[in-house]
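In what follows, a structure is listed as structure tokens, so that the remarks can point back to it.
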Amino acid sequence: MVHARLSVIRTLLLHLVSLIVVSIVMGACAAPPTQQPAPAAEGAAVEWGYEGEIGPENWSTLSGNFATCGLGTEQSPIDLSEPAPSDEFGPLELNYAATPITVLNNGHTIELEYEPGSTLTFNGQTYELVQFHFHNPSEHTLTGEASPLEAHLVHRDNNGNLAVIGSS
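Just so you know, we're using the numbering used here here: the sequence shown kicks off at -12 and counts up by one.
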């Protein structure tokens, strides 16, 4: 049983390392936007990004649908303070299995979509791993400093609620 878990963890880590390398190479090839894009027509996709005129500080102005981005204080991106031990949350129970994946480039990141079979249980609620993706540079910062890369493992419960594990 332990050998099987180690095999699954090794496989997941191999996927993560491979995608980190691909993400770094693709990120190095991307050119930052040089001008503010024209407002999108109603119903059209809005171009957004993580740097420059279409970066997080401007998301609320890119579309009326994004206005909430300028109002809140607890949504992405978040500047995290120094980590401190806490017993506020219960333990995370990860039960990941070797399952088929689909690799997708959604125009913002490389995303690996998972078939059902890998779960996270947190505070008695079980969430299915649906995908993981990367941000280059990191979406969030730690005491104002961005990391070169950040990974998000996205899980969803039966009610559509998300639980995301992030690491940079």
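All C-beta atoms, glycine included, are put in the ideal place defined by N, C-alpha and C.
For Gly57 and Glu69, the gap between their C-alpha atoms comes out near 25 angstroms. Rounded to the nearest whole angstrom, the C-alpha separation of Glu38 and His95 is 12 angstroms.
Assignment of beta-bridge partners to Ser155 by DSSP yields no partner. With at least 16 other beta carbons inside 10 angstroms of its own, Ser105 counts as buried.
If the five residues before and after Gln112 are omitted, its C-beta is found closer than 6 angstroms to the C-beta atoms of Asp144, all from its own chain and listed in chain order.
Sequence-distant Cβ neighbours of Thr130 in its own chain, meaning closer than 8 angstroms and more than five residues away, are Asp66, Leu67, Ser68 and Glu69.
Cα atoms of Val117 and Leu136: separation of roughly 20 angstroms, rounded to the nearest angstrom. Linking Ser73 to His127 through their CA atoms gives a straight-line distance of about 20 angstroms. Restricted to the region 101 to 146, the beta strand (DSSP E) segments that are unbroken, complete and at least 3 residues in length are 106 to 109, 112 to 122 and 137 to 143, listed in chain order. A straight line joining the alpha-carbon of Ser155 with that of Ser47 spans about 26 angstroms. Per DSSP, reduced to three states, the secondary structure at Glu44 is helical. Between Leu107 and Leu81, the beta carbon gap of about 6 angstroms places them in contact (Cβ cut-off 8 angstroms). Of the candidates Ile97, Leu140, His122 and His139, His122 places its Cα closest to the Cα of Gly42. For Leu49, same chain residues with a beta-carbon under 7 angstroms away, outside a window of 5 residues either side, are Val33, Trp35 and Ile41 in chain order.
Taken atom to atom, the span from the alpha-carbon of Glu102 to that of Pro64 is near 28 angstroms. Straight-line spacing of the CA atoms in Pro78 and Phe53 works out to 34 angstroms.
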